[in-house]
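Chemist:
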Amino acid sequence: MAEGVKVRKKPWDAVKMDSLRNYLQKEYPGQKVKCSIMVSDDVLNGLETYMRNNNISMVSFNTHKRNLFTQLFSPSITRKALSRLIKPVFVFRSE
Numbered sequence: 007m008a009e010g011v012k013v014r015k016k017p018w019d020a021v022k023m024d025s026l027r028n029y030l031q032k033e034y035p036g037q038k039v040k041c042s043i044m045v046s047d048d049v050l051n052g053l054e055t056y057m058r059n060n061n062i063s064m065v066s067f068n069t070h071k072r073n074l075f076t077q078l079f080s081p082s083i084t085r086k087a088l089s090r091l092i093k094p095v096f097v098f099r100s101e
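Position 71 of the sequence shown, counting from 1, maps to 77 under this note's numbering, and the rest follow consecutively.
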């Protein structure tokens, strides 16, 4: 089953998740697709809870280039997840 999860909720998130769901259903017609929006003050705790409650076996992240100042003072969620999650993590690099 393919699952898309968004942890922080913004006004356009529901529209984006609907688009993701439609895309996945079109590209992978034989697979079950589930897209969820989960609201949590702590992204990693929220993700861990979601993974535990939904028996998720692997997680993937899409990363983007960050400037030096941001790298020094605000560690990425992906980097934190790599050191904290006990499940396999697959990282995509966007341009």
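Ideal placement from N, C-alpha and C gives every residue a C-beta, glycine not left out.
Shortest alpha-carbon distance to residue 57 belongs to which of 21, 91, 98, 99?
Modeler: Ranking the options by Cα distance to residue 57, first place goes to 91.
Chemist: Which same chain residues, not among the five before or five after residue 67, have their C-beta less than 8 Å away from its C-beta?
Modeler: Here the set comprises 83, 84, 87, 95, 96, 97, 98.
Chemist: May I ask which residues mark the beginning and end of the alpha helix (DSSP H) holding residue 58?
Modeler: From DSSP, the alpha helix (DSSP H) with residue 58 extends over 49 to 59.
Chemist: Can you grab the Cα-Cα spacing for the pair residue 55 / residue 47, in whole Å?
Modeler: Whole-angstrom Cα-Cα distance: 12 Å.
Chemist: Would you grab the beta carbon distance between residue 16 and residue 63 for me? Rounded to a whole angstrom, and I think it's under 8 Å.
Modeler: With 8 Å as the limit, residue 16 and residue 63 do not qualify as a contact, their Cβ atoms being about 28 Å apart.
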